[in-house]
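When the letters of the sequence shown are read in order and numbered with my numbering, they come out as residues 103 to 521.
For glycine and all other residues, C-beta sits at the position ideal for the given N, C-alpha and C.
Single-structure report; data block below.
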Amino acid sequence: MSSCVSELVCVSCGESYPPTGREMTCPACGPDDGILEICFDLDRVRSAWRADPLTSRPLNHWRYRELLPLDPAAIPQSWPVGWTPVLDLARLAREIGVGQLLVKDEGRNPTASLKDRASSVGVVHAIERGATTIATASTGNAATSLAGHAALAGLAAMIFVPRNAAAPKLAQLLVYGACVFAVAGPYDDAYRLCSAACERFGWYNRNCAINPVLVEGKKTCGLEIAEQCAGRGGVPDWVAVSVGDGCTIAGIAKGLVEMHALGMIDRLPRILGVQAAGVAPVEYALEHDELPKEVTGTTIADGINVAVPRNWRKAVNAVRASEGTMVSVSDEQMLAALAQAGRHGVFAEPAAAAAIAGVKVAVDRGIIGASERVLAVLTGSGLKDTVSAMRAVGQPIQIEADLDAVAAGLKSFQRARQN
Ligand SMILES: *Cc1c(COP(=O)(O)O)cnc(C)c1O
Ligand SMILES: [Zn+2]
Numbered sequence: 103m104s105s106c107v108s109e110l111v112c113v114s115c116g117e118s119y120p121p122t123g124r125e126m127t128c129p130a131c132g133p134d135d136g137i138l139e140i141c142f143d144l145d146r147v148r149s150a151w152r153a154d155p156l157t158s159r160p161l162n163h164w165r166y167r168e169l170l171p172l173d174p175a176a177i178p179q180s181w182p183v184g185w186t187p188v189l190d191l192a193r194l195a196r197e198i199g200v201g202q203l204l205v206k207d208e209g210r211n212p213t214a215s216l217k218d219r220a221s222s223v224g225v226v227h228a229i230e231r232g233a234t235t236i237a238t239a240s241t242g243n244a245a246t247s248l249a250g251h252a253a254l255a256g257l258a259a260m261i262f263v264p265r266n267a268a269a270p271k272l273a274q275l276l277v278y279g280a281c282v283f284a285v286a287g288p289y290d291d292a293y294r295l296c297s298a299a300c301e302r303f304g305w306y307n308r309n310c311a312i313n314p315v316l317v318e319g320k321k322t323c324g325l326e327i328a329e330q331c332a333g334r335g336g337v338p339d340w341v342a343v344s345v346g347d348g349c350t351i352a353g354i355a356k357g358l359v360e361m362h363a364l365g366m367i368d369r370l371p372r373i374l375g376v377q378a379a380g381v382a383p384v385e386y387a388l389e390h391d392e393l394p395k396e397v398t399g400t401t402i403a404d405g406i407n408v409a410v411p412r413n414w415r416k417a418v419n420a421v422r423a424s425e426g427t428m429v430s431v432s433d434e435q436m437l438a439a440l441a442q443a444g445r446h447g448v449f450a451e452p453a454a455a456a457a458i459a460g461v462k463v464a465v466d467r468g469i470i471g472a473s474e475r476v477l478a479v480l481t482g483s484g485l486k487d488t489v490s491a492m493r494a495v496g497q498p499i500q501i502e503a504d505l506d507a508v509a510a511g512l513k514s515f516q517r518a519r520q521n
């Protein structure tokens, strides 16, 4: 662990554990409720950054090594993750009706999603512990990123995915050489099976929800937002993030809070969590302080198709602490946002486009004001799910090799654009 880690605190009972412990979850609360949070001694981080300023470090997420629960000596030098670009989409901001729309394009990570942040940290942590095999259950991106980073590091990867995972993600998994189990049933079944298999076979469990180290990896997105925005007009009023298990939003919020405490930014944005209308248990929990008894709907956005979120408490706490809120969006609204964002040059998978769809809903409801500045985190690349993308944008114009056919096709394209 980094020498700046001060303690691990249970999010349910508040019990504190020393950083040297090997616990993944609070022994008193058990593996379902006893999610731990890693806390840092920020005074130590501050003096380390004074001695070796961030500005002189490489532009990737390892630049925040003091804020990662890793031995600094174990951090790879030739393995860049993160420092994804923040794009200022002025025309899209006008279409949506906000003062500024920034988009942080996490699809530009090594395996094309934000999950690379967590998986890279998880793989380094697994190596520190002497593991040779690392496992995860995932709706897709956590698995593909784990498989990619395990392959880079020479670890074996055991992957449990729901059988309906998108084809490009399955291809990535197999290409990276992982052992891939396509489980009959939803993500929740894959999750339980993976946890049981880790117990039985002694594999390192990468599942973000119960492994607090992984949330620290996702945190680097929030650290970057603070550092990148500090240099371009300051912190946005809102940060919009889609929510499945709840680790991403909790991690990003934690990163922003730590950067605020470190004096990198002078205020905190409000957090807008976005769920799929058919699968919105965290939105329910924000209001009722518990999960719904049952979730029966579904969504095409596999990254957030999580009926039993493991980290809802961290997510709800993060949204509340920021004075933010949550909204949910239909699959149609996600696909419309996917197509609309694409016309402005960014290609997101449905679970990522959900963040932009959520901003639109929040504007319509008066939650986000017309002059406010918004940053939407695009959590994964559109190339992850081209079937959904084609549903959003339709088919190419089929023609013979004939110039008149081009003229006729052009007319129909322009007509369709005007509608
Ligand atoms: C995993 C994922 C999310 C949600 O992250 P959680 O930590 O499960 O809340 C959102 N979008 C994409 C593309 C993802 O892969
Ligand atoms: Zn506890």
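Quiz item: Does the beta carbon of C128 fall short of 7 Å from some heavy atom of ligand 2?
Solution: Here residue 128 is taken as the residue at index 26 of the sequence shown, counted from 1. Result yes, Cβ under 7 Å from ligand 2.
Quiz prompt | DSSP three-state assignment for R193, whether helix, strand or coil | solution = What you label residue 193 is simply residue 91 of the sequence shown in a count that begins at 1. In the structure shown, R193 sits in a helix (DSSP, three-state: H, G or I).
Exercise. Report the rounded CA-to-CA distance for L172 versus S424, giving the unit in angstroms.
Key: Start at 1 with the first residue of the sequence shown, and residue 172 comes out as number 70. Start at 1 with the first residue of the sequence shown, and residue 424 comes out as number 322. L172 and S424: Cα-Cα distance of roughly 27 Å.
Quiz item: According to the Cβ coordinates, are T186 and N211 closer than 8 Å?
Solution: By 1-based counting over the sequence shown, the position of residue 186 is 84. By 1-based counting over the sequence shown, the position of residue 211 is 109. Taking 8 Å as the Cβ cut-off, T186 and N211 qualify as a contacting pair.
Quiz item: Looking at the structure shown, is T322 part of a helix, part of a strand, or coil, going by DSSP?
Solution: Translated into the one-based positions of the sequence shown, residue 322 becomes position 220. Correct three-state label for T322: helix.
Quiz item: When DSSP labels each residue in this structure, what does M260 get in the three-state scheme?
Solution: Along the sequence shown, read from residue 1 onward, the residue named residue 260 stands at position 158. Of the three classes helix, strand and coil, the one that applies to M260 here is strand, per DSSP.
Self-check item: Status (buried if at least 16 other CB within 10 Å, exposed otherwise) for R193
Solution: If you number the sequence shown from 1, residue 193 lands on position 91. R193 should be labelled exposed.
Quiz item: Is it buried or exposed for V489, if we count other Cβ within 10 angstroms and need 16 for buried?
Solution: Taking the first residue of the sequence shown as 1, we reach residue 489 at position 387. By the neighbour-count rule (16 or more Cβ atoms within 10 Å), V489 is not buried but exposed.
Quiz item: A229 to A472, Cα distance in whole Å?
Solution: Your numbering for residue 229 matches position 127 in the sequence shown. Your numbering for residue 472 matches position 370 in the sequence shown. Residue identity differs from the one stated: residue 229 is Ile in this sequence, not Ala. Cα to Cα, I229 sits roughly 48 Å from A472.
Practice problem: Give a single yes or no on whether E109 has its beta carbon closer than 7 Å to a heavy atom of ligand 2. | Solution: Working through the sequence shown from its first residue, we reach residue 109 at position 7. No.
Quiz item: Would you call R422 buried or exposed, if buried means 16 or more other Cβ atoms sit within 10 Å of its Cβ?
Solution: Reading the sequence shown from its first residue, position 320 is the one you call residue 422. Looking at its Cβ environment, which holds fewer than 16 other Cβ atoms inside 10 Å, R422 is exposed.
Exercise. May I ask whether a heavy atom of ligand 2 can be found less than 7 Å away from the beta carbon of C281?
Key: Within the sequence shown, residue 281 is the residue found at index 179, counting from 1. No - ligand 2 has no heavy atom lying nearer than 7 Å to the Cβ of C281.
Quiz item: Going by Cα to Cα distance, which pick from V431, S105, V343, H390 is closest to T481?
Solution: Taking the first residue of the sequence shown as 1, we reach residue 481 at position 379. Ranking V431, S105, V343, H390 by Cα distance to T481 puts V343 first.
Quiz item: So, helix, strand or coil for F546, using DSSP?
Solution: Past the boundaries of the shown model lies residue 546; the chain is included only from 103 to 521, so the question cannot be answered.
Practice problem: State the Cα-Cα distance for the pair Q500 and F515, rounded to the nearest angstrom. | Solution: Translated into the one-based positions of the sequence shown, residue 500 becomes position 398. Translated into the one-based positions of the sequence shown, residue 515 becomes position 413. Straight-line Cα distance between these residues: approximately 12 Å.
Exercise. Per DSSP, which residues does T578 bridge with? Please list them.
Key: Residue 578 is absent from the model: the chain starts at 103 and stops at 521.
Self-check item: Where the alpha helix (DSSP H) containing T235 begins and where it ends
Solution: Taking the sequence shown and counting its residues from 1, the one referred to as residue 235 is at position 133. First-last for T235: 235–239, but that is the beta strand (DSSP E), not the alpha helix (DSSP H).
Quiz item: What whole-angstrom Cβ distance do Q377 and M428 have, given they're in contact under 8 Å?
Solution: As a first step, residue 377 is located in the sequence shown; it is residue number 275 there, counting from the start. As a first step, residue 428 is located in the sequence shown; it is residue number 326 there, counting from the start. Indeed, because the Cβ distance is near 7 Å, the residues count as touching under 8 Å.
Quiz prompt | Paired residues, beta bridge with G482 - DSSP | solution = By 1-based counting over the sequence shown, the position of residue 482 is 380. Answer is S215, bridged to G482.
Self-check item: Nearest-angstrom beta carbon gap, L169 and L325 [assumed within contact, 8 Å]
Solution: As a first step, residue 325 is located in the sequence shown; it is residue number 223 there, counting from the start. As a first step, residue 169 is located in the sequence shown; it is residue number 67 there, counting from the start. Going by Cβ atoms, the distance from L325 to L169 rounds to 7 Å, so yes, they are a contact pair.
Quiz prompt | Burial state of R219 (16 or more Cβ within 10 Å) | solution = As a position in the sequence shown, residue 219 is number 117, starting the count at 1. Answer is buried; the Cβ neighbour count reaches 16.
Quiz item: The beta strand (DSSP E) spanning R372 covers which residue range?
Solution: Residue 372 sits at position 270 when you count from the first residue of the sequence shown. It spans 372–378 - the beta strand (DSSP E) in which R372 sits, taken as one unbroken run.
Exercise. Find the nearest neighbour of R412 within the set R334, V508, D291, judged by alpha-carbon distance.
Key: Translated into the one-based positions of the sequence shown, residue 412 becomes position 310. The option with the nearest alpha carbon to R412 is D291.
Quiz prompt | Nearest-angstrom Cα separation, counted from I354 out to A420 | solution = For the purposes of this step, residue 420 is taken as residue 318 along the sequence shown, with counting starting at 1. For the purposes of this step, residue 354 is taken as residue 252 along the sequence shown, with counting starting at 1. Between A420 and I354, the C-alpha separation is close to 9 Å.
Quiz item: Taking all protein chains shown into account, do 16 or more other C-beta atoms lie within 10 angstroms of the C-beta of N521, making it buried, or fewer, making it exposed?
Solution: By one-based count along the sequence shown, residue 521 stands at place 419. Burial call: exposed.
Quiz prompt | Which residues DSSP lists as bridging Y119, in chain order | solution = On the sequence shown, position 17 is the one that residue 119 refers to. Bridge partners of Y119: L110.
Quiz item: Relative to the alpha-carbon of R95, which residue among V315, E360, L512 has its alpha-carbon at the smallest distance?
Solution: Summary: the structure shown does not reach residue 95, with the chain confined to residues 103 through 521, and so no result is reported for it.
Quiz item: How many Å lie between T379 and S105 at the Cα?
Solution: To locate residue 379, count along the sequence shown from 1; it is residue 277. To locate residue 105, count along the sequence shown from 1; it is residue 3. The question names Thr, but residue 379 is Ala in the sequence shown. Cα to Cα, the separation comes out at about 43 Å.
Quiz prompt | Three-state secondary structure assigned by DSSP to D475 | solution = Within the sequence shown, residue 475 is the residue found at index 373, counting from 1. The question names Asp, but residue 475 in the sequence shown is Arg. Here R475 sits in strand by DSSP.
Practice problem: With distances taken Cα to Cα, identify the nearest neighbour of R148 among A176, M366, E117, H446. | Solution: The sequence position of residue 148 within the sequence shown is 46, counting from 1. Of A176, M366, E117, H446, the residue nearest in Cα terms is M366.
Quiz item: Are V200 and V461 closer than 8 Å when you measure CB to CB?
Solution: Numbered from its first residue, the sequence shown carries residue 200 at position 98. Numbered from its first residue, the sequence shown carries residue 461 at position 359. Against a cut-off of 8 Å, the Cβ pair of V461 and V200 comes out as a contact.
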